[in-house]
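**Student:** Pasting a structure below so you can have a look.
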Amino acid sequence: MFTPKCPSVLLIYTGGTIGMIENPETGALEAFDFDQLQENVPELKRFNYRIASYQFNPPIDSSDMEPSMWAKIVKIIHYNYDYFDGFVILHGTDTMAYTASALSFMLENLSKPIILTGSQLPIGMLRTDGKENLITSIEIAAAKYPDGTAVVPEVCIFFENHLLRGNRTTKINAENFNAFRSFNYPALATAGIHIKYNYERIRKADPSIPMHPHYAFDTNVIILTIFPGIQEKIVNTLLHTPGLRAVILKTYGSGNAPQQSWFIKLLKDATQRGIVIVNISQCQTGMVEMERYETGLHLLDAGVISGYDSTVESVLTKLMFLLGHNLTPKEIRNEMTRPIAGEFTRPGL
Ligand code: ASP
Numbered sequence: 013m014f015t016p017k018c019p020s021v022l023l024i025y026t027g028g029t030i031g032m033i034e035n036p037e038t039g040a041l042e043a044f045d046f047d048q049l050q051e052n053v054p055e056l057k058r059f060n061y062r063i064a065s066y067q068f069n070p071p072i073d074s075s076d077m078e079p080s081m082w083a084k085i086v087k088i089i090h091y092n093y094d095y096f097d098g099f100v101i102l103h104g105t106d107t108m109a110y111t112a113s114a115l116s117f118m119l120e121n122l123s124k125p126i127i128l129t130g131s132q133l134p135i136g137m138l139r140t141d142g143k144e145n146l147i148t149s150i151e152i153a154a155a156k157y158p159d160g161t162a163v164v165p166e167v168c169i170f171f172e173n174h175l176l177r178g179n180r181t182t183k184i185n186a187e188n189f190n191a192f193r194s195f196n197y198p199a200l201a202t203a204g205i206h207i208k209y210n211y212e213r214i215r216k217a218d219p220s221i222p223m224h225p226h227y228a229f230d231t232n233v234i235i236l237t238i239f240p241g242i243q244e245k246i247v248n249t250l251l252h253t254p255g256l257r258a259v260i261l262k263t264y265g266s267g268n269a270p271q272q273s274w275f276i277k278l279l280k281d282a283t284q285r286g287i288v289i290v291n292i293s294q295c296q297t298g299m300v301e302m303e304r305y306e307t308g309l310h311l312l313d314a315g316v317i318s319g320y321d322s323t324v325e326s327v328l329t330k331l332m333f334l335l336g337h338n339l340t341p342k343e344i345r346n347e348m349t350r351p352i353a354g355e356f357t358r359p360g361l
């Protein structure tokens, strides 16, 4: 019997390896349904929690994740927000960092934990990492202070004993259990014998302000990675793509790019046409400092703005989110230079 005060968690199963099983005929991994997931984790019944579940039908490989499905997840969370202490989202690892970043922007004034997790090996396999990830995620999603407020009121990814801020996280390994990293922000918790929370680094929430869900996205964006030998005609074509509204420019080191006049001119023309260009580094650790080298100064002059130490997943989803909210290029540029969900560190803030 559950007491009215017992912790409550909603599991949202979207798909991914965690819920997959091998097709005996083809040998390929295919999704199976959530009841089987519970069969494979009898430990779930040992929690003294109220655990309910919602399943995507059909479950998807996260390579098929789309903004419309982020909206579906947010709708489920919004609809159930007052009835659960926290939410665990089972998700494929491939695009988990994109979903976590998007949700962090879509759930304004979040005061409850949203923990995304998955696994590298299906949960039905003997050596699966899925059980551990799922069980600890549920515990974190239910963790509360004595006054009833959540310990981790953030969108996070829990994987291989580390709780990471979702919009700081990137998938870095296709085969290792330790598949995610937050290069520019410390872990929010580590799970060993005890779950040790990094209290100072966890965002503070104000549960008296209602959570406000957002749904709109505009996906007219591209990621342009520069490289030695990049050609003018290709960059020109990309920057003149009909409908294009924003570019993520992946530059070298601390935000440097070629100084050729054609390149700078194309960028400047684009910003003057209202295209927002955000500079992030191809290096995973460290931040963009365009004032540091002359090459960076040319970019600043062309109207390129800094993405500081953001992940590509976070800049991409934030741009799509802002573009979906009918803001002017100037307003988007302003919003891009201030963190709205702890997604980057801006020196001096
Ligand atoms: N392709 C799978 C997915 O992202 C991989 C995984 O779950 O780890 O859905």
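Residue numbers for the sequence shown, in our numbering: 13 to 361.
Glycine is no exception: its CB is placed at the ideal position from the N, C-alpha and C atoms.
Remember, predicted model here, so these are calculated numbers, not experimental data.
1. Quick one: residues in its chain with C-beta nearer than 6 Å to the C-beta of E212, no 5 flanking neighbours on either side, listed in chain order?
2. What does the Cβ neighbour count give for I152, buried or exposed, with the cut at 16 atoms within 10 Å?
3. For L133, which of helix, strand or coil comes out of DSSP?
4. Give the single residue among P270, G315 and V324 whose Cα lies nearest to the Cα of N346.
5. Does at least one heavy atom of ligand 1 sit under 7 Å from the Cβ of G104?
6. Terminal residues of the continuous beta strand (DSSP E) containing G98?
7. With DSSP collapsed to three states, give me the class of H310.
8. Using beta-carbon positions only, say whether I221 and V259 come within less than 8 Å of one another.
9. Restricting to Cα atoms, I'd like to know which of D281, G104 and A155 is closest to F1.
10. S65: beta carbon under 7 Å from a heavy atom of ligand 1?
11. I need the straight-line Cα distance from M299 to Q50, nearest angstrom please.
12. So the alpha helix (DSSP H) Y305 belongs to, where does it begin and stop?
13. Pick helix, strand or coil for M13, following the three-state DSSP scheme.
14. May I ask whether a heavy atom of ligand 1 can be found less than 7 Å away from the beta carbon of S74?
15. Run through DSSP, which three-state label would R257 get?
16. Specify the secondary structure class of A153 as computed by DSSP and reduced to three states.
17. Does DSSP put S113 in a helix, in a strand, or in coil?
18. Rank I147, N291, S266 and D73 by C-alpha distance to the C-alpha of M348 and give the top, closest one.
19. Run through the DSSP bridge pairs and tell me what V21 is partnered with.
20. Could you check the C-alpha separation between M223 and I85 for me, to the nearest Å?
21. Tell me whether the beta-carbon of L11 lies closer than 8 Å to the beta-carbon of I63.
22. Go ahead and pull the three-state DSSP assignment for R358.
23. Is T107 near ligand 1, judged by its Cβ being under 7 Å from some heavy atom?
24. May I have the straight-line CA-CA distance separating L119 from P225, to the nearest angstrom?
25. With three or more beta-carbon pairs closer than 8 Å as the criterion, would you say the region 161-170 touches the region 138-153?
26. Can you tell me whether S80 is buried or exposed? The criterion is at least 16 other CB atoms within 10 Å of its CB, across all chains shown.
**Tutor:** By the coordinates alone:
1. Reading the sequence shown from its first residue, position 200 is the one you call residue 212. Excluding positions up to five away in sequence, the list is empty.
2. Locating residue 152 in the sequence shown gives position 140, where the first residue counts as 1. That one is buried.
3. In the sequence shown, the residue the question calls residue 133 occupies position 121. Per DSSP, reduced to three states, the secondary structure at L133 is coil, with no helix or strand assignment.
4. Here residue 346 refers to the residue found at position 334 when the sequence shown is read from its first residue. By alpha-carbon distance to N346, the top candidate from P270, G315 and V324 is G315.
5. Taking the sequence shown and counting its residues from 1, one reaches residue 104 at position 92. G104 Cβ: within cutoff of ligand 1.
6. Residue numbering aside, residue 98 sits at position 86 when the sequence shown is read from its first letter. Judged by DSSP secondary structure, G98 falls within the beta strand (DSSP E) whose first and last residues are G98 to L102.
7. Translated into the one-based positions of the sequence shown, residue 310 becomes position 298. Helix, per DSSP.
8. The sequence position of residue 221 within the sequence shown is 209, counting from 1. The sequence position of residue 259 within the sequence shown is 247, counting from 1. No, these two residues do not count as a Cβ contact at 8 Å.
9. Because the chain spans 13 through 361 in this model, residue 1 falls outside it and cannot be assessed.
10. As a working mapping, residue 65 is identified with position 53 in the sequence shown. The answer is no for S65.
11. Within the sequence shown, the letter at position 287 stands for residue 299. Within the sequence shown, the letter at position 38 stands for residue 50. In this model, M299 and Q50 are separated by some 43 Å (Cα to Cα).
12. Taking the first residue of the sequence shown as 1, we reach residue 305 at position 293. Membership of Y305 in any alpha helix (DSSP H) is not indicated, and neither H nor E is assigned to it by DSSP.
13. In the sequence shown, residue 13 corresponds to position 1, counting from 1. Model confidence at M13 stands at a pLDDT of 47, short of 50, so the residue's coordinates are unreliable and nothing is read from them.
14. Along the sequence shown, one-based indexing puts residue 74 at 62. Yes, since a heavy atom of ligand 1 falls inside the 7 Å radius drawn around the Cβ of S74.
15. Taking the sequence shown and counting its residues from 1, the one referred to as residue 257 is at position 245. Coil at R257, not helix or strand.
16. For this step, residue 153 is matched to residue 141 along the sequence shown. Reduced to three states, the DSSP call for A153 is helix.
17. The residue labelled residue 113 in the question sits at position 101 within the sequence shown. Of the three classes helix, strand and coil, the one that applies to S113 here is helix, per DSSP.
18. Against the sequence shown, residue 348 aligns to sequence position 336. Of I147, N291, S266 and D73, the smallest CA-CA separation from M348 is found for N291.
19. One-based indexing of the sequence shown puts residue 21 at position 9. Answer is I63 and G98, bridged to V21.
20. Mapped onto the sequence shown, residue 223 falls at position 211. Mapped onto the sequence shown, residue 85 falls at position 73. So the alpha carbons of these two residues sit roughly 14 Å apart.
21. In the structure as shown, the chain starts at 13 and stops at 361, and residue 11 therefore has no counterpart that could be examined.
22. By one-based count along the sequence shown, residue 358 stands at place 346. Here R358 sits in coil by DSSP.
23. For the purposes of this step, residue 107 is taken as the residue at position 95 of the sequence shown. At least one heavy atom of ligand 1 sits closer than 7 Å to the Cβ of T107.
24. Locating residue 119 in the sequence shown gives position 107, where the first residue counts as 1. Locating residue 225 in the sequence shown gives position 213, where the first residue counts as 1. Here the alpha carbons of P225 and L119 stand approximately 5 Å from one another.
25. The count of Cβ pairs closer than 8 Å, one atom from the region 161-170 and one from the region 138-153, reaches three, so the stretches are in contact.
26. Against the sequence shown, residue 80 aligns to sequence position 68. It counts as exposed.
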